[in-house]
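Engineer:
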Amino acid sequence: MMAAIPALGQQPVDDGTGALLLHRSGHERRRMLVNRVATITATLAATAVILALGIIILFVVVNGLPYVDEQFLTMDTENYNQGGALAAILGSLQMVPLATLIAAPIAILGGVYLAESRPGRMSGAVRMATETLAGLPSVVVGIFVFTILVAPTGKYTALAGSVALAVIMIPIVARSTEEIIRLVPASVREAALALGIPVWKTMLRVVVRTAMAGILAALMLAVARAAGETAPLILTTTGNQQVNVGNFLGSMDSLPTFIWLASGQPDDLLNGQAWAASLVLMVFVLITNIIVRGRTAGRRRAH
Amino acid sequence: MDEIAGSAERRGDRVFRWLLAAVGLAILLLLLAVFAELVMGAANAFKVFGINFLTNDIWDETSSSYGALPFIAGTVATSAIAMLIALPVGILTALFLSEMAPTWLSVPLTFAVDLIAALPSVIVGLWGLSVLSVVTRDWIEVPIVANFGSLPFLGPNTGGADLFTASLLLALMITPTIVALSQEVFATVPQMHREAMLGLGGTRWEVIRKVILPLSWGGIGAAGILALGRAMGETMAVTMTIGNIDQVPSGLFDPAQTISSKIAITWSEAAIGLETDSVIALGLCLLVLSVAMVFVARGLVRGRTMAALGVHAG
Numbered sequence: 005m006m007a008a009i010p011a012l013g014q015q016p017v018d019d020g021t022g023a024l025l026l027h028r029s030g031h032e033r034r035r036m037l038v039n040r041v042a043t044i045t046a047t048l049a050a051t052a053v054i055l056a057l058g059i060i061i062l063f064v065v066v067n068g069l070p071y072v073d074e075q076f077l078t079m080d081t082e083n084y085n086q087g088g089a090l091a092a093i094l095g096s097l098q099m100v101p102l103a104t105l106i107a108a109p110i111a112i113l114g115g116v117y118l119a120e121s122r123p124g125r126m127s128g129a130v131r132m133a134t135e136t137l138a139g140l141p142s143v144v145v146g147i148f149v150f151t152i153l154v155a156p157t158g159k160y161t162a163l164a165g166s167v168a169l170a171v172i173m174i175p176i177v178a179r180s181t182e183e184i185i186r187l188v189p190a191s192v193r194e195a196a197l198a199l200g201i202p203v204w205k206t207m208l209r210v211v212v213r214t215a216m217a218g219i220l221a222a223l224m225l226a227v228a229r230a231a232g233e234t235a236p237l238i239l240t241t242t243g244n245q246q247v248n249v250g251n252f253l254g255s256m257d258s259l260p261t262f263i264w265l266a267s268g269q270p271d272d273l274l275n276g277q278a279w280a281a282s283l284v285l286m287v288f289v290l291i292t293n294i295i296v297r298g299r300t301a302g303r304r305r306a307h
Numbered sequence: 003m004d005e006i007a008g009s010a011e012r013r014g015d016r017v018f019r020w021l022l023a024a025v026g027l028a029i030l031l032l033l034l035a036v037f038a039e040l041v042m043g044a045a046n047a048f049k050v051f052g053i054n055f056l057t058n059d060i061w062d063e064t065s066s067s068y069g070a071l072p073f074i075a076g077t078v079a080t081s082a083i084a085m086l087i088a089l090p091v092g093i094l095t096a097l098f099l100s101e102m103a104p105t106w107l108s109v110p111l112t113f114a115v116d117l118i119a120a121l122p123s124v125i126v127g128l129w130g131l132s133v134l135s136v137v138t139r140d141w142i143e144v145p146i147v148a149n150f151g152s153l154p155f156l157g158p159n160t161g162g163a164d165l166f167t168a169s170l171l172l173a174l175m176i177t178p179t180i181v182a183l184s185q186e187v188f189a190t191v192p193q194m195h196r197e198a199m200l201g202l203g204g205t206r207w208e209v210i211r212k213v214i215l216p217l218s219w220g221g222i223g224a225a226g227i228l229a230l231g232r233a234m235g236e237t238m239a240v241t242m243t244i245g246n247i248d249q250v251p252s253g254l255f256d257p258a259q260t261i262s263s264k265i266a267i268t269w270s271e272a273a274i275g276l277e278t279d280s281v282i283a284l285g286l287c288l289l290v291l292s293v294a295m296v297f298v299a300r301g302l303v304r305g306r307t308m309a310a311l312g313v314h315a316g
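First to last, the sequence lines map onto chains A and B.
Per the working numbering, residue 5 is the first one in the first sequence, and the count goes up by one each step.
Per the working numbering, residue 3 is the first one in the second sequence, and the count goes up by one each step.
(1) I'd like to confirm the pairing. Which residues does DSSP put opposite B:W395 in its beta bridges?
(2) When DSSP labels each residue in this structure, what does B:G245 get in the three-state scheme?
(3) Can you tell me the Cβ-Cβ gap for B:L131 and B:M242, rounded? I've got them flagged as a contact below 8 Å.
(4) Give the secondary structure of B:L258 by DSSP, where H, G and I count as helix, E and B as strand, and everything else as coil.
(5) Beta-carbon of B:V124 versus every beta-carbon of chain A: anything under 8 Å?
(6) Of all the CB atoms in chain A, is at least one closer than 8 Å to the CB of B:L183?
(7) So, is B:A82 buried or exposed, given that buried needs 16 or more other C-beta atoms within 10 angstroms?
(8) Could you tell me whether any Cβ in chain B is nearer than 8 Å to the Cβ of A:L199?
(9) Just to confirm, are A:T214 and A:A111 a CB contact at a threshold of 8 Å?
(10) Is A:R297 helix, strand or coil by DSSP?
(11) Apply the 10 Å Cβ neighbour rule to A:S29 and answer buried if 16 or more other Cβ atoms are within range, or exposed otherwise.
(12) Going by Cα to Cα distance, which pick from A:T242, A:L137, A:A195 is closest to A:S166?
(13) Identify, in the order they occur along the chain, each residue of the same chain with its Cβ nearer than 7 Å to the Cβ of B:R300, setting aside the five sequence neighbours on each side.
(14) What ranges does the alpha helix (DSSP H) occupy inside the stretch 152–210 of chain B, keeping only unbroken runs of at least 4 residues that lie completely in it?
(15) Any idea if A:A8 is buried or exposed, counting beta-carbon neighbours within 10 angstroms, 16 or more meaning buried?
(16) My output table needs one value for A:L55: the three-state DSSP class, helix, strand or coil.
(17) Going by Cα to Cα distance, which pick from B:W141, B:I176, B:T190 is closest to B:T237?
(18) Can you tell which of B:I142, B:T112, B:G26, B:S280 has its C-alpha closest to the C-alpha of B:F48?
(19) Buried or exposed: where does A:N67 fall if 16 or more other Cβ atoms within 10 Å of its Cβ makes it buried?
(20) For A:R304, which three-state DSSP category applies?
(21) Please confirm if the stretch 216–232 of chain B is in contact with the stretch 169–188 of chain B, defined as three or more CB-CB distances below 8 Å between the two stretches.
(22) Does any residue of chain A bring its CB to less than 8 Å from the CB of B:S292?
(23) Which residues mark the beginning and the end of the alpha helix (DSSP H) in which A:S166 is found?
(24) Would the beta-carbon of B:S184 fall within 8 Å of that of B:I93?
(25) I want to see whether chain B comes within less than 8 Å of A:S127, judged by CB atoms only; does it?
(26) Is there a Cβ of chain B sitting closer than 8 Å to that of A:T157, yes or no?
(27) Which same chain residues, not among the five before or five after B:L289, have their C-beta less than 8 Å away from its C-beta?
(28) For B:A273, count the other beta carbons within 10 Å of its own beta carbon; 16 or more makes it buried, fewer makes it exposed. Which is it?
(29) For A:D80, which of helix, strand or coil comes out of DSSP?
(30) DSSP three-state label for B:I274, please.
(31) For chain B, is any of its Cβ atoms less than 8 Å away from the one on A:Q14?
(32) So what does DSSP say about A:A266, is it helix, strand or coil?
(33) Quick check: the stretch 100–116 of chain A against the stretch 176–190 of chain A, are at least 3 beta-carbon pairs closer than 8 Å?
(34) If I measure Cβ to Cβ from B:L30 and keep anything under 7 Å in the same chain, skipping five residues before and after, which residues do I get?
(35) What whole-angstrom Cβ distance do B:G253 and B:N149 have, given they're in contact under 8 Å?
(36) Note down the Cα distance separating B:G14 from B:W20, rounded to an integer number of angstroms.
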């Protein structure tokens, strides 16, 4: 297997594979070839994946930018082929924050519960419930919220849309909160407890506060996710192209549902505005992800 | 502080513990409520059609016949094709990022792969509808059908908006899940194992082939199952590219419909009553499928982790 002792003056061959070979037989040449082919294949696969991302971003920017204008940003969608997306922008700006307000306390306390409770049947069940909720298709969440909030009154409401988004956010934030709280060193907790501070104050004022940056990061990622959710909103709140500010018992449009409806119309302006709305949404989602993950990416998977 | 503070502290702790338990219970009840509402909503449809709901391939208002077969077939077909593409591409990408690329390259690229998962599905769908479906139609489907159209599963449609395009898009959307989870699995392989193989003169591929992959298959399997669950539930991108025809597809380039796309398309038009009940029954099928995936993945990881521990102990 191994190469023979090199003759005097013969240079070792560094082929860049990490294996330092002194002499190449036919068998080794074949191994090198297999290694080379595998490396190239993996490189191509990674390139294709990254390229797909680049192409999508490029198309959204090129097709959307010309349509992000005053009309797009200031007009109702009321006049269907000469309007804008103001109703959708304002709808997203209201429903997503309300969803965050609903989800944040439940999710953060749920995360504290998961991190702090002793292993047992109850905490095991809650952990499994959180995992299962995180794996629910968003369209199923939409049906659920429809049956509890829309079906009884027969009215599509922004409130129902916000609740649906909140149900999607809760398991994401709860799981991250649990992970982050587990990272807070026990010594921090013990120091607070040794000072005679009650457990609940230690948890909220010391442990959760220490973990706050991470919890906020998780919350921001969940906000970015909720901002792009479409299916749950189609099932709970579409059907209003007029600006609705503050009336959560009425229907609201949103950027994702605007994209979905406008892309299906045989109308150049609306198709263009679907790209424009995609651009606005994409910029928000990507910038949020880049800012939040940029700070944690280094330690996440760089082992 | 006096003695009264001591008892107040204990009361505060008790209230806090109850509050946490109540929130935990609320999360548990939320999941149970999702199941209960869907089961109740779907009950009528199953009462009327029985198990035939799953095997009937007609969805028609005029004859009040609602069956889920075309959509179950569409969901199974799109997710299976997407997995066939995404699994090899995802594993190779993960190997490139974790085992081959230098850190200065792998860190930003890993980050970029994560961004794909962050893209809203409706934006990916818009791109799939306006760009990808045209490319697949003109560059892939038309030439293939022209030359090999007589082969099974390859003809005669070349619409662009069909099973193939939707599956391709779906593959792109689940690849980040496979990449991220595979990278995490690779990271658990001890560095010593790699070095031992390199020390024996192994090439980088031999390290991957004979050390990393054999230790990782269980984890990769779990990653695949979780990705499969995501693929089944994915709605917007598929709805916008699959062609939306209620039929059991008989070829790769046939327009079709998945469970989730049927729900999204039909929702606003569904007649209150039996049709809405049947749509909710579709939702229940999807819920059961995706929850089953989560449980299979959990079982897979737990079993393999224990097996791996046994190996290491020995």
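Think of the CB as a built atom: it goes at the ideal place given N, C-alpha and C, for glycine as much as any other residue.
All values derive from a computational prediction rather than experimental measurement.
Structural biologist: Let me spell this out:
(1) There is no way to answer for residue 395 of chain B, as the model of chain B reaches only from 3 to 316.
(2) strand
(3) 5 Å
(4) The displayed chain sequence assigns Ala, not Leu, to residue 258 of chain B. Here B:A258 sits in strand by DSSP.
(5) yes
(6) no
(7) exposed
(8) Chain B contact via Cβ: absent.
(9) no
(10) helix
(11) exposed
(12) A:T242
(13) none
(14) 165–189, 193–201, 206–209
(15) At A:A8 the pLDDT is 48, less than 50, meaning the model places this residue with poor confidence; the figure from the coordinates comes in the next sentence. Its Cβ having fewer than 16 others within 10 Å, A:A8 is exposed.
(16) helix
(17) When only C-alpha atoms are compared, the closest one is B:I176.
(18) Minimum Cα distance to B:F48 is reached at B:S280.
(19) Buried, because 16 or more other Cβ atoms sit within 10 Å of the Cβ of A:N67.
(20) With a pLDDT of only 47 at A:R304, under 50, the local geometry of the prediction cannot be trusted, and no value is derived from it.
(21) Pairwise C-beta distances place the stretch 216–232 of chain B in contact with the stretch 169–188 of chain B, as three or more of them are shorter than 8 Å.
(22) yes
(23) 162–187
(24) Between B:S184 and B:I93, the C-beta spacing is below 8 Å.
(25) yes
(26) no
(27) V36, F37, L40
(28) Burial call: exposed.
(29) coil
(30) coil
(31) Unreliable placement is indicated for A:Q14, whose pLDDT of 47 sits below 50; no coordinate value is reported for it.
(32) helix
(33) yes
(34) Counting only Cβ-Cβ distances below 7 Å, and skipping sequence neighbours, we find nothing.
(35) Rounded, the Cβ-Cβ distance is 15 Å, inconsistent with contact.
(36) 10 Å
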